[in-house]
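In our numbering, the protein residues as written are 100 to 265.
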């Protein structure tokens, strides 16, 4: 998946690479989870069609059957609910489960903040963004979205800071 998070060919490329990894090792739980994440993102950005939604869920089920404690499988399930089903409550539940599994990882907190932002629950989103900021993320995707959140909340000075960091 690498740094090509928004390149339209990257989702298809990532899916193909995970296909290859799974062909090589059909018990590679992380590959199923990562392929599901790439699929959910691809669907959200209209890079793959709705026929991929069930494939996404199948990959998540397979990852969890191989490793019920895999944090990335919970992230994948969160993305499935968020991007494929617009089921924000279940997305939050899954991202929270991932956050509990690894308190040193800010990504589940960030994703929960984005779900709360989508739901219009600004205070909850801002609280989580404040927690994410303590980790000093350097990824442009996260920094841009933190800026966007501040922009939407009319905190323009803070938005500008994060846009510049991105």
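We put the beta carbon where it would ideally sit given N, CA and C, even for glycine.
Bounding residues of the alpha helix (DSSP H) (the contiguous stretch that carries residue 183): Neither: residue 183 is in no alpha helix (DSSP H) and is coded neither H nor E.
Residue 177 versus residue 146: straight-line alpha-carbon distance, rounded: 19 Å
Residue 266 and residue 191 closer than 8 Å at C-beta: The requested residue 266 is not part of the displayed model; the chain covers only 100 to 265.
Opening and closing residue of the alpha helix (DSSP H) in which residue 169 lies: No alpha helix (DSSP H) holds residue 169; DSSP gives it neither H nor E.
CA nearest to the CA of residue 263, picked from 250, 252, 253 and 246: 246
Segment limits, alpha helix (DSSP H) that includes residue 142: 128-143
Candidates 158, 213, 161 and 142, of which the one nearest residue 241 by Cα: 213
8 Å Cβ cutoff met for residue 175 and residue 128: no
Extent of the continuous alpha helix (DSSP H) to which residue 253 belongs: That residue, residue 253, is in no alpha helix (DSSP H); it is neither H nor E in DSSP.
Cβ-based neighbour list, residue 258, same chain, cut-off 6 Å, excluding 5 preceding and 5 following: 246, 249 and 250
CA-to-CA distance, residue 123 to residue 185, given in whole angstroms: 33 Å
Cα-Cα separation, residue 101 to residue 114: Per-residue confidence for residue 101 stands at a pLDDT of 42, beneath the threshold of 50, marking its modelled position as unreliable; no derived number is given.
Three-state secondary structure (DSSP) of residue 204: coil
Proximity of residue 158 and residue 131 at Cβ, strictly below 8 Å: yes
Contact check, residue 193 vs residue 152, beta carbons under 8 Å: no
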